[in-house]
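According to this note's numbering, the stretch in the sequence shown is residues -18 to 221, in order.
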Amino acid sequence: MAEQVGAEREFVVHESRTDTERLDFNSKNFQYVTDSFGNIMRRIQQGGRLYLRALSNSKPSERPANIKEDFPALADDFIIPREVALVEENLFSSILRVSGKVNMWLHYDVMANIYAQVRGSKRMVLFPPSDVSSLSFAPGSSSSSIDVFSLLASSSLPKTRPHETNLAAGDVLFIPTAWLHTATPTSDMSVAVNVFFRDLDKSSYSAGRDVYGNRDLAAYERGDRMLLSWERVSRICRKR
């Protein structure tokens, strides 16, 4: 794989700052490190707690990732099953993900997506959107700091309805819009392709740049602006 991608090609990876497998987006218990792909793969094989989420090769701050453009030598090896042709027809991004023994934080995505396990295996847990109030999400946040796997092991999430699955190489998981999910590896290395697509009417999505595909829906942004405007009006009225 390193030969196809380019052993010397550099990427930015998440590297755990602490002796833990659990990455936490809110506390930022990781650092961003730039390294060559060959070295990233070697470090993961040696037990390094690294997580690579590939970005666009040409314009990483402007365009969503696309595996066909960013990794042409790998693209022919990844084909979206015709049973889910809707995904290809409404494609937003396709992302290469490579990780060692690290847990992804609990979060939700605005867009629906499929997660295709290419190498290794993972345990994934999903919760319906209605469980969000029981999973310590701060207002306006799309991620939570709770340790889902420890809490499930001790039966400490009684008001939730978790859906669990174990993904092996060749498995594809559909993750619906706004479903909360987290993952933990069950192998030393995991390679996957994550494909995001628009499953709502195009007018439902916010206009403008959206590199990660996680910008709030248009209705939410309009509502947020209306609330801010009302707060300003209220302050003016109170002063009179």
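Even for Gly, the Cβ is constructed at its ideal location relative to N, Cα and C.
On the DSSP bridge assignment, give the partners of residue i in chain order.
i	result
Phe108	Leu161
Ala173	Arg78, Gln98
Ala134	Partner(s): none; Ala134 has no beta bridge.
Glu145	Val106
Arg34	Arg78
Val68	Answer is none; Val68 lacks a bridge partner.
Val(-7)	Thr15
Ser8	In the DSSP output, where bridge partners are listed per residue, Ser8 has none listed.
Phe73	DSSP lists no partner for Phe73.
By the three-class DSSP mapping on this structure, what secondary structure does residue i have?
i	result
Val14	strand
Pro53	helix
Met85	strand
Ile156	strand
Ala188	coil
Ala93	strand
Report the option in the options whose CA atom is closest to the CA atom of residue i.
i	options	result
Lys40	Leu33, Glu50, Leu31	Glu50
Ser168	Asp180, Val176, Ile25, Asp205	Ile25
Arg23	Ala(-12), Asn147, Val174	Ala(-12)
Ala149	Arg(-2), Asp16, Ala173, Ser210	Ala173
Asn175	Asn20, Glu(-16), Ile60, Phe118	Ile60
Gly101	Gly151, Val65, Asn71	Gly151
Leu107	Glu145, Ser210, Asn20	Glu145
Tell me, to the nearest whole angstrom, how far the beta carbon of residue i is from that of residue j; I am working on the premise that it is less than 8 Å.
i	j	result
Phe11	Glu(-9)	That belief does not hold up - the Cβ atoms of Phe11 and Glu(-9) are roughly 18 Å apart, past 8 Å.
Lys103	Thr165	7 Å
Leu87	Val129	5 Å
Met92	Phe73	6 Å
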